[in-house]
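Residue numbers for the sequence shown follow my numbering, so the first one is 245 and each next one is one higher. Note that beta-carbon positions come from the ideal geometry of N, C-alpha and C, so glycine has one too. Just so you know, these numbers come straight off a predicted model, no measurement behind them.
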Amino acid sequence: MQGLATSGEENKIDVSNEKINMKEYFAYFSYGFGQCFSFGLVGTFILFFYTDILGISAVAASIIFLVARIWDAVIDPIVAGFMDTRRTKHGKFRGYMKFTPILIVVSTIFCFFSPDISVTGKVIYAGATYILWGTIYAFSDIPFWSLSTVISKNGQDRTKLLTVANLGVYGGIGMVGFLVPILIATFNKNYTPSVSYLITVGIIMVAAYILMFIGYKYTKERVVPEHNEKVTFKDVIESAKVNKYMFKILLVFFLNIFMNIVQGIILYFFTYNLNAPQLMSVFGIIGTLSAVGFLFIPLLTKYFKKRNILRTLLGMDIIIRLIFFLVGYESIVLVITFLAITQLLYSATGPIISAMLSETVEYSEVKTGKRTEAIVFGGQTFAGKLSVALAGAFTGLILTLIGYQANVEQTEFTLSGLFIVVSILPALGSLLRLLVLSKYDYTEVEFNECLRIIQERKSKEV
Numbered sequence: 245m246q247g248l249a250t251s252g253e254e255n256k257i258d259v260s261n262e263k264i265n266m267k268e269y270f271a272y273f274s275y276g277f278g279q280c281f282s283f284g285l286v287g288t289f290i291l292f293f294y295t296d297i298l299g300i301s302a303v304a305a306s307i308i309f310l311v312a313r314i315w316d317a318v319i320d321p322i323v324a325g326f327m328d329t330r331r332t333k334h335g336k337f338r339g340y341m342k343f344t345p346i347l348i349v350v351s352t353i354f355c356f357f358s359p360d361i362s363v364t365g366k367v368i369y370a371g372a373t374y375i376l377w378g379t380i381y382a383f384s385d386i387p388f389w390s391l392s393t394v395i396s397k398n399g400q401d402r403t404k405l406l407t408v409a410n411l412g413v414y415g416g417i418g419m420v421g422f423l424v425p426i427l428i429a430t431f432n433k434n435y436t437p438s439v440s441y442l443i444t445v446g447i448i449m450v451a452a453y454i455l456m457f458i459g460y461k462y463t464k465e466r467v468v469p470e471h472n473e474k475v476t477f478k479d480v481i482e483s484a485k486v487n488k489y490m491f492k493i494l495l496v497f498f499l500n501i502f503m504n505i506v507q508g509i510i511l512y513f514f515t516y517n518l519n520a521p522q523l524m525s526v527f528g529i530i531g532t533l534s535a536v537g538f539l540f541i542p543l544l545t546k547y548f549k550k551r552n553i554l555r556t557l558l559g560m561d562i563i564i565r566l567i568f569f570l571v572g573y574e575s576i577v578l579v580i581t582f583l584a585i586t587q588l589l590y591s592a593t594g595p596i597i598s599a600m601l602s603e604t605v606e607y608s609e610v611k612t613g614k615r616t617e618a619i620v621f622g623g624q625t626f627a628g629k630l631s632v633a634l635a636g637a638f639t640g641l642i643l644t645l646i647g648y649q650a651n652v653e654q655t656e657f658t659l660s661g662l663f664i665v666v667s668i669l670p671a672l673g674s675l676l677r678l679l680v681l682s683k684y685d686y687t688e689v690e691f692n693e694c695l696r697i698i699q700e701r702k703s704k705e706v
């Protein structure tokens, strides 16, 4: 479908409550699924690639991650502000979703190329390609999430959209976790590990491009500003400043850092604690299947407030992880069982957090009179990348502190450290999230009141 034309006459046609068909839900899922092939590759495998394939130290990798996030702190708000102040001929966000997929493909492949140069040169190359990837990713991720707020203005429709989007995100990350070890093992029979990684990433990213193109092609923007109002950078900044609930949800989202650390450490845990690196594929399947539970989220949100559902999931996560830590990792079956349960609980928080964040768009619109979707989801993109990068940095530091040495038998101290991270560390993240949510009072009631106020204002302008 083509995006809405931007002529004044067509903007008078209210299609914001138009029924969303299954093809469009699938397309929105498809974009997130494909995009997160890239995110999964970088988030899960880049540190291992840097230390064990490229041959740079964990400390050097940590510095790269931190420098990249300093850059993102500058560039991501600029990208979001730019998107909020103008429209493309394909709509406010779909235009970016048309050209960025090919750039995502190329930048991701560059990240997993191992040049035959000095160690210093490799560090510089890794830093440059990683920063390039993060910058390009912002031009894809911000429009993808922001699109949910202009496909429909109905809260329940948005919950469904963000549920299928998160289904794609977690499914994409999980699928990569499943495929990469299998493909690497296959190609290692005939190629060096560095070449095997490059071929594997190339194959996966071609599939990612196809999926992302489907997402662009079959989605439609319906919610447009009244009278094509002009939004300036000053408006965007003011909108962000007054949106206190956005910052609280972004903090909750950022606390994914604890699970992102697990994503970075889990391969080491399977390899050295369990002597079964092939279990990484099983973990990938767990990640993919856990996303199926998302389908129950829209049903739950019909009867319970999203804030309360989220609190319940976090409390359950803490309890299960404490039990996991006490049981230990002697039984592989129990380890997989605990990982499956905790992954299911963690995954279920994704669509709820995204839906809660999307509802803050109307809060800032009531406060400022300007609609700035991109700055809200630009915050999510930055928080997500910051979370992944700091997780990577902390993972590198953790590996150093617990005495990890690449490609050798690990000490008991190192093995215990790996298990503590995998089993109990994310419980701290859940506890911190609960503390943030303890004072969160913007629920569906307040959101619907914001919708009423906005509609009332528009009716007075007619």
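**Message:** My output table needs one value for threonine 625: the three-state DSSP class, helix, strand or coil.
**Reply:** In the structure shown, the three-state DSSP call for threonine 625 is helix.
**Request:** Can you tell me which of the three DSSP states glycine 365 falls into?
**Result:** Helix.
**Asked** Would you call alanine 650 buried or exposed, if buried means 16 or more other Cβ atoms sit within 10 Å of its Cβ?
**Response** The residue in question, alanine 650, is exposed, as its Cβ has fewer than 16 Cβ neighbours within 10 Å.
**Request:** With a 10 Å radius around its C-beta and 16 neighbouring C-beta atoms as the bar for buried, classify glutamine 279 as buried or exposed.
**Result:** Buried, by the Cβ-count rule.
**Asked** On the premise that valine 445 lies in contact with threonine 352, defined as a C-beta separation below 8 Å, what is that separation, rounded to the nearest angstrom?
**Response** Indeed they touch by this definition, with Cβ atoms about 6 Å apart.
**Asked** DSSP three-state call for threonine 655: helix, strand or coil?
**Response** Threonine 655: coil per DSSP, three-state reduction.
**Request:** Look at the alpha carbon of phenylalanine 383 and the alpha carbon of tryptophan 377, and state the distance between them as a whole number of angstroms.
**Result:** Here the alpha carbon of phenylalanine 383 sits roughly 10 Å from the alpha carbon of tryptophan 377.
**Prompt:** Are threonine 658 and alanine 302 closer than 9 Å when you measure CB to CB?
**Reply:** No, these two residues do not count as a Cβ contact at 9 Å.
**Item:** Same chain, Cβ closer than 6 Å to threonine 332, five either side skipped, listed in chain order
**Value:** Cβ within range, chain order: Gly339.
**Message:** Please tell me whether isoleucine 448 and phenylalanine 281 are closer than 9 Å, where the distance is taken between their beta carbons.
**Reply:** Yes, Cβ-Cβ distance for isoleucine 448 and phenylalanine 281 is below 9 Å.
**Prompt:** So which of Ser667, Pro521, Asp385 has the shortest CA-CA distance to threonine 586?
**Reply:** Here the closest residue by C-alpha is Ser667.
**Message:** I'd like to know whether the C-beta atoms of threonine 192 and isoleucine 493 end up nearer to each other than 9 Å.
**Reply:** Residue 192 lies beyond the range of the chain shown here (245 to 706); nothing can be said about it.
**Separation of lysine 433 from glycine 623, as counted between CA atoms** = Spanning the two alpha carbons is a distance of roughly 43 Å.
**Asked** Cβ atoms of tyrosine 460 and valine 349: under 9 Å apart, would you say?
**Response** The criterion of a C-beta distance shorter than 9 Å is not satisfied by valine 349 and tyrosine 460.
**Message:** For the structure I just gave you, are there three or more beta carbon pairs, one from the stretch 407-420 and one from the stretch 571-586, closer than 8 Å?
**Reply:** Contact fails: fewer than three Cβ-Cβ distances are below 8 Å.
**Asked** phenylalanine 502: which of Cys694, Arg701, Val665 sits nearest, CA to CA?
**Response** It is Val665 whose Cα lies nearest to the Cα of phenylalanine 502.
**Request:** With distances taken Cα to Cα, identify the nearest neighbour of asparagine 692 among Ile426, Glu606, Phe270, Thr545.
**Result:** If we check each option's Cα against that of asparagine 692, Glu606 comes out closest.
**Request:** Taking the CB atoms as reference points, tell me whether isoleucine 380 and valine 496 lie closer together than 9 Å.
**Result:** No, Cβ-Cβ distance for isoleucine 380 and valine 496 is not below 9 Å.
**Message:** If you reduce the DSSP assignment to three classes, tell me which class threonine 545 lands in.
**Reply:** Note: threonine 545 maps to helix in three-state DSSP.
**Supposed contact pair isoleucine 619 and aspartate 328 - C-beta distance, whole angstroms, cut 8 Å** = That belief holds up - the Cβ atoms of aspartate 328 and isoleucine 619 are roughly 6 Å apart, short of 8 Å.
**Asked** Between Ala637, Glu688, Leu641, Leu511, which lies nearest to phenylalanine 527 when the distance is taken from Cα to Cα?
**Response** If we check each option's Cα against that of phenylalanine 527, Leu511 comes out closest.
**Message:** Checking the sheet assignment: what are the DSSP bridge partners for glycine 335?
**Reply:** Beta-bridge partners of glycine 335 (DSSP): Thr332.
**Message:** Going by DSSP in three states, arginine 677 sits in which element: helix, strand or coil?
**Reply:** Residue state for arginine 677 is assigned as helix, using DSSP reduced to three classes.
**Request:** Report the option in Pro521, Ala484, Thr403, Lys464 whose CA atom is closest to the CA atom of isoleucine 576.
**Result:** Looking from the CA of isoleucine 576, the closest CA among Pro521, Ala484, Thr403, Lys464 belongs to Pro521.
**Request:** Could you spell out the range, first to last residue, of the alpha helix (DSSP H) harbouring tyrosine 414?
**Result:** Its alpha helix (DSSP H) spans residues 399-431.
**Request:** Report back the beta-carbon spacing between phenylalanine 273 and leucine 391 to the nearest angstrom; my notes put them in contact at under 8 Å.
**Result:** Going by Cβ atoms, the distance from phenylalanine 273 to leucine 391 rounds to 12 Å, so no, they are not a contact pair.
**Message:** Within a Cβ cutoff of 7 Å, which residues of the same chain sit near alanine 304, ignoring the five residues on either side of it in sequence?
**Reply:** Sequence-distant Cβ neighbours of alanine 304 in its own chain, meaning closer than 7 Å and more than five residues away, are Val367.
**Asked** What is the C-beta distance between leucine 310 and alanine 637, in whole angstroms, given that I count them as a contact (C-beta under 8 Å)?
**Response** About 5 Å; that satisfies the 8 Å criterion.
**Prompt:** Quick one: what's got a C-beta closer than 7 Å to valine 610's C-beta in the same chain, skipping five residues either side?
**Reply:** So the list reads Cys694, Ile697, Ile698, once near-sequence residues are dropped.
**Asked** DSSP on glycine 459, reduced to helix/strand/coil?
**Response** Residue state for glycine 459 is assigned as helix, using DSSP reduced to three classes.
**Asked** Over what stretch of residues does the alpha helix (DSSP H) that includes tyrosine 269 continue unbroken?
**Response** Taken as a continuous stretch (DSSP letters only), the alpha helix (DSSP H) holding tyrosine 269 covers 266-284.
**Nonlocal neighbours in the same chain, by C-beta distance under 7 Å from aspartate 401, ignoring five residues either side** = Only Ile264 meet the Cβ criterion.
**Request:** Please say whether isoleucine 567 and leucine 589 have beta carbons closer to each other than 9 Å?
**Result:** Between leucine 589 and isoleucine 567, the gap from beta carbon to beta carbon reaches 9 Å or more.
**Request:** Give the DSSP-derived three-state secondary structure of glutamate 482 in the structure shown.
**Result:** Collapsing the DSSP output to three states places glutamate 482 in a helix.
**Burial state of proline 425, where buried means 16 or more other Cβ atoms lie within 10 Å** = By the 10 Å Cβ count, proline 425 comes out buried.
**Request:** Might you give, ordered along the chain, the residues of its own chain that have their beta carbon closer than 7 Å to the beta carbon of leucine 707, omitting 5 neighbours on each side?
**Result:** Past the edges of the chain, shown from 245 to 706, lies residue 707, and the structure says nothing about it.
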